[in-house]
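Heads up: the structure comes next, in structure tokens.
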Amino acid sequence: MRNSSSRRVALLATTASLILLSGRGIAQVRLPDTIDAVLRSSSRGSDAPERPGLERPADAFGDLLLAAPDAARLADRAAVGNGRLIRAGATTTSSRGAAPVRALAYSPPDPQTLLLLFVQLDNLTLTEGMAAYGLQDDPQIPVGELSRLLELDIQIMPGEGRIIGNIGEARRALVIDLPTGTARIGPTQVALAAGDVAVSPTEIYVRASVLSKLLPLKFEVNSRALSMKITASELLPIQGRLQRVARLRQATPSIAAPVMRVETPYRLFTPPSIDVALGLGLQTTSPRVPSRYDVRLGGDLLYAGLQAYFGSDETGSLSTARILLERRSLDGDLLGPLHARSVGIGDVFTPGLAIGPRSFSGRGIAISTVPLDQTNVFNRIDLRGELQLGDDVELYVNDVLQGGQTQSQRGQYEFLNVALTQGVNVVRIVTYGPHGQRKEETRIINVSGGLLRRGETTFAFGAVDQDEPLLRLGNRDPFAIDRSVGKRRVVAQVNYGLSQYLTLTGGGSVYTDQRGLSRQLYGAGLRASVAGFATQLDAAADNRNGSGLAATVAGRILGANVAVRHAEYRGGLLDENNSEADFGRPLDRRSELTVDQNILFAGRVFPISLRAVRDIYSDGGSAIIGQARGSASLGSVLFSTGLEYDHNSVASGAMNERLRGFLSGSTFKNYQWQVRATLDYNLIPDVQVTGLGLTLDRAVTDTWLLRFAATQRFDAPRSLELIAGTTTRTKYGDLTFTGQYNTLDSSWRLGAQMNFGLGYNPVVGGYQLTRPGPGSGGSVAFHAFIDANGDGQFNPGERPVSGVTLQGGDHVARTGADGRAYLSGFGTGPTARVLVGINDIDNTAVKTPPVVVEFAPRPGGVTQVEYPMRPTGEVLVTIRLRRPDGQLVGLSAVRVRLVDSKGAFAESVTEFDGSANFLDLPATTYQLQLDAEQAARLRMKLLAPVSVTIRPDGSFTPDASAEVRFEPRAALEGHPPG
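Residue numbers for the sequence shown follow the working numbering, so the first one is 4 and each next one is one higher.
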């Protein structure tokens with residue numbers, strides 16, 4: 004056995020050397036079969052499931068390598084990326100090599116266990132008929148309806164199996180992600196069992212006992228009285244705004260209602276929708292009359308999505324632009340046989356390699372076949388998004404504040420080299436606007452070890468002029484330190500699954516680094532899972548005799564997520580992935596440790612993130628970087644804190660050292676005041692408070708907001724800045740007035756800003772003035788009409804329907820006399836929904852499509868929704884039998900149907916008196932028929948034809964009556980039942 008294991012170790016080492024050092028030999032060796040021979044064994048001993056087609060030799064070395072099985076070989080992996088429901092017992096992951104993530108098994112609610120509950124909060128009646136399911140003493144509660152009743156900041160996405168929100172005045176993050184089996188409130192995990200969740204097309208139901216662990220609520224269910232009392236352990240939004248109780252009892256969509264899904268196909272060309280921000284001011288500094296604008300456009304061009312941004316400086320001169328033509332596909336059906344998932348032309352980003360070039364922006368082209376949701380624990384991701392004029396943004400990873408930005412880069416925020424942990428990561432991007440608004444985007448990223456299936460290949464390519472926009476405005480700065488601007492950068496990366504246990508990566512790049520040196524770099528690497536740890540080995544070399552070798556190991560140790568990386572460099576190779584390094588000095592080696600852990604203290608969970616880096620430079624100098632961050636909710640306040648340590652030294656012995664920190668807190672006090680405060684301080688070389696900031700936002704009404712802010716700088720130069728502002732919201736935009744004063748130079752500034760949108764409505768062929776949103780997100784053009792002939796199309800003579808209400812995005816709309824409405828502000832999420840209400844139309848006796856409309860929004864995209872309504876009526880049909888004495892009596896339990904000319908029918912069964920009531924029948928003429936099987940079995944037939952006409956004007960339909968008789972067997976021969 005020892006000799007056999009030794010041979011296997013030698014074979015693995017030889018194979019790795021061939022891959023890393025001699026790409027020419029790969030084609031001559033059957034590596035998939037060779038590696039499978041090395042790694043072929045079970046993952047965790049005798050309890051692990053056997054893999055079909057593979058033997059299971061007793062090999063300790065194989066057991067060591069396969070301690071963490073690769074679960075992504077299951078076909079369920081695709082379901083996570085597409086947001087579909089996962090079948091029972093499946094495991095999910097976004098890429099290969101992660102420890103399997105259990106997908107929660109769930110099903111629709113069982114109608115046999117329906118409970119209609121009378122619900123009260125304290126002594127306030129919320130609803131008299133909440134539909135719950137399951138156990139009588141611990142039912143599954145509709146989270147969407149509950150959040151509407153209590154005015155909780157919760158969003159449900161049944162199609163994606165996800166619930167996200169912010170709870171309490173501290174705005175703790177709520178996440179329930181069914182594809183990954185995740186449920187958490189802040190950093191606290193809550194276990195989910197299969198029977199705890201049920202999903203319908205329009206609702207997600209969660210067991211009361213589980214909800215009480217996720218929400219500050221206690222549920223007392225009385226199954227005999229069919230009632231439920233809710234007790235809050237902290238202040239709820241509804242308790243702060245009782246004047247809105249009247250809105251709580253509005254009808255909600257039927258729990259069993261299906262969803263109307265509408266496609267938004269790309270078109271050859273659509274006029275772009277536009278978001279505009281205009282600013283004008285008066286100040287004591289130059290320019291005395293500042294003026295600024297930001298313009299964002301979105302639309303379709305050449306069957307792809309067009310996005311553009313144009314921004315000015317404070318003189319009103321156009322200073323920056325960004326244009327992107329991009330198309331994405333979850334199914335990988337772009338560019339024919341290449342099966343690309345994303346293609347972009349214009350201002351794009353190149354992919355990055357493990358050693359050497361990082362992702363870089365510029366004008367050019369980018370193509371990728373990598374699944375859109377895929378990443379691995381070795382990748383540091385870049386997060387980018389739109390940042391409006393005057394907004395600031397914060398990044399939270401697993402509830403730990405990791406950074407913030409107040410200045411945009413070409414109209415975008417950028418968080419670069421963001422580290423994630425193995426497993427499920429909750430990434431929240433919180434945006435605060437100058438008008439007091441708060442917007443939060445939540446991403447669920449399942450991080451794995453980067454393994455692919457055997458024979459599976461992914462490819463990423465990018466070619467750009469580095470940091471050169473498609474439209475350059477003005478001349479380059481001749482004194483710029485970065486000499487790579489405008490130089491060509493071409494990067495290609497290929498990943499190939501050698502076996503289901505081992506993945507080969509390779510890549511190459513031609514680029515110019517920040518020193519102005521042109522480089523041609525090539526690299527290769529391996530990804531594997533060893534003893535439960537994701538491992539990575541990479542090597543690279545360039546044409547300037549530079550080389551690099553890096554090894555990374557990531558996994559869980561004592562409950563903590565740990566990643567360790569060590570890299571060696573020779574010949575001055577510049578690794579741009581080392582973001583904190585001094586690129587002006589060649590680096591010899593870097594060691595990096597990252598630890599993420601949730602600490603339980605005093606009954607509370609505190610998430611912390613630790614990071615340590617040590618750099619050794621070729622000139623004999625060194626640098627040490629340490630970071631510690633954590634967050635916690637205490638009472639109604641969310642606190643975040645962090646320490647950052649920097650130590651730099653050179654060969655001569657000179658050194659500098661610095662330790663600085665911050666403490667921030669935020670709360671939504673009484674759900675009226677949004678309060679944020681930040682304290683910055685230094686501990687080394689001197690103990691000093693360097694800054695203190697406070698921001699107060701208050702929504703006085705739904706249309707009037709106030710802001711007060713103060714920032715005190717205690718370091719040199721000392722200053723105090725005061726800001727006061729007011730914002731008025733209208734259906735045509737937001738108007739803000741701001742005053743600002745700074746004691747540093749006694750300067751002041753007065754400003755006005757108007758934000759609005761110009762949405763192109765393809766139905767009317769023109770633009771509509773709206774609130775901000777149509778240029779940077781999706782919109783809906785809605786059309787409601789009476790479908791008199793039932794063909795689903797709007798035909799001449801058919802009447803539009805006014806008064807239909809639409810709720811979705813940031814606004815509420817109502818159809819006009821032409822039956823049309825335009826609604827924007829849906830963002831760019833995977834899906835968006837519109838809730839349709841018909842309570843206010845003239846005649847509610849209509850049959851409608853589903854009241855929930857779902858679509859996939861994109862910047863500038865307009866989804867056209869045709870909403871046909873068929874007039875309906877009702878009729879009472881009675882089936883009678885004539886007795887021998889001549890008396891007509893009602894006949895019960897007869898199955899009858901009304902059939903129209905197209906074969907569509909409605910069914911019913913007669914009651915004890917022979918009557919059957921048909922409701923919601925579309926307007927047309929129907930023929931009464933008996934159920935063929937029952938009629939043949941009982942030898943029953945109608946004595947005469949009976950027709951029923953439902954009129955489209957909503958007028959009363961007279962009752963219909965039919966007489967039947969039972970034929971003797973002999974008489975029935977040759978006469979089929981009628």
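The C-beta atom is built at its ideal place from N, Cα and C for all residues, glycine as well. Given the structure is predicted, the values throughout are model-derived calculations rather than measurements.
Here the region 155–173 makes contact with the region 669–683; the two share three or more CB pairs at distances below 8 Å.
Looking only at L924, V880 and D199, the smallest Cα-Cα distance to R873 is reached by L924.
By the neighbour-count criterion, in which 16 or more other beta carbons inside 10 Å mark a residue as buried, G574 falls on the exposed side. Annotated three-state conformation of L239 is coil, per DSSP. Shown here, A211 sits in a helix according to DSSP, grouped into three states. Under the DSSP assignment, G147 falls in the alpha helix (DSSP H) whose first and last residues are V146 to L153.
Around the beta carbon of V880, 16 or more other beta carbons lie within 10 angstroms, which makes this residue buried. Within the model, the alpha-carbon separation for S667 versus M757 is close to 30 Å. Residue environment: P114 is assigned as exposed (fewer than 16 neighbouring CB atoms within 10 Å of its CB, all protein chains considered). Secondary structure in the region 829–860: the beta strand (DSSP E) runs of 3 residues or longer, each lying completely within the stretch, are 835–840 and 855–858 in chain order. Fully enclosed beta strand (DSSP E) runs of no fewer than 3 residues occupy 891–893, 898–902 and 908–912 of the region 883–920, in order along the chain. Under the three-state reduction of DSSP, A935 is assigned to helix. One Cα belongs to G889, the other to F959, and the distance between them is close to 31 Å. A residue is called buried once 16 or more other Cβ atoms fall within 10 Å of its Cβ, and N401 is buried on that count.
Following the DSSP letters along the chain, one finds L507 inside the beta strand (DSSP E) bounded by residues L505 to T515.
Collapsing the DSSP output to three states places K490 in coil. Excluding five sequence positions before and after L941, the CB atoms of its chain that fall closer than 7 Å to its own CB belong to F969, given in chain order. Sorting P589, T928, F586 and T234 by C-alpha distance to the C-alpha of G906 places T928 at the top. Of all C-beta pairs linking the region 384–394 to the region 560–567, fewer than three are shorter than 8 Å, placing the two stretches out of contact. With at least 16 other beta carbons inside 10 angstroms of its own, P190 counts as buried. By the Cβ rule, the region 277–284 counts as touching the region 751–767, because three or more pairs are nearer than 8 Å.
Residues of the same chain with a CB within less than 6 Å of the CB of A186, apart from the 5 flanking positions on each side, are I179, V193 and L195 in chain order. Taking C-beta separations shorter than 6 Å and ignoring five residues to either side along the sequence, the partners of S643 in its chain run L404, S634 and S667, following chain order. Annotated three-state conformation of D350 is strand, per DSSP. Relative to the Cα of G147, the nearest Cα in the group S236, T733 and R165 belongs to R165. If you draw a straight line from the Cα of F797 to the Cα of V815, it is about 24 Å long. Membership of P688 in any beta strand (DSSP E) is not indicated, and neither H nor E is assigned to it by DSSP.
With 16 or more other Cβ atoms from the protein chains shown falling within 10 Å of its own Cβ, F788 counts as buried.
For D923, the three-state secondary structure derived from DSSP is strand.
Contact holds between the region 361–374 and the region 462–469, because three or more Cβ pairs, one in each stretch, are under 8 Å apart. Assigned with DSSP and collapsed to three states, Q469 falls in strand. As the crow flies, the alpha-carbon of R151 is around 11 Å from that of P240. Taking the Cα positions, V213 is about 15 Å away from Q139.
Straight-line spacing of the CA atoms in A324 and Y312 works out to 5 Å. DSSP places K216 within a helical segment (H, G or I) once states are collapsed to three. The C-beta distance from V837 to G811 rounds to 4 Å, short enough to meet the 8 Å contact threshold.
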